[in-house]
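Residue numbers for the sequence shown follow numbering that gives the first Met the number 0, so the first one is 0 and each next one is one higher.
Virtual Cβ for every residue (Gly too), placed ideally from N, Cα, C.
Treat the numbers as computed from the prediction; the structure is a model and nothing was measured.
Read the structure below first, then the notes.
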Amino acid sequence: MPGVGMTLRTSAAQTDALRRQAAVEGRSMQAVALSAIDEYIARRAHETKVDAVLERVVAEESGVLERLKDA
Numbered sequence: 000m001p002g003v004g005m006t007l008r009t010s011a012a013q014t015d016a017l018r019r020q021a022a023v024e025g026r027s028m029q030a031v032a033l034s035a036i037d038e039y040i041a042r043r044a045h046e047t048k049v050d051a052v053l054e055r056v057v058a059e060e061s062g063v064l065e066r067l068k069d070a
């Protein structure tokens, strides 16, 4: 599936940092930016799953948690 075009406006400092990182990694600025986006999305998806599991455990184990709190 072909990529969808998008314009990303960065500050001068962000562009310089991206350019330096790309040079260090021997990759294009686009490749580094896309990798950063992928990592961000994966991290946020993981955090969302962890939050959902935590909410479920707290709800299901509220009695145990109350007893532990009072112990």
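- Judged by DSSP in its simplified three-state form, residue 14 adopts helix.
- When secondary structure is reduced to three states using DSSP, residue 56 falls in the helix class.
- Segment contact: the segment 29-37 against the segment 46-62, fewer than three CB-CB distances shorter than 8 Å; contact not assigned.
- DSSP places residue 49 within a helical segment (H, G or I) once states are collapsed to three.
- Secondary structure of residue 3 (DSSP, three-state): coil.
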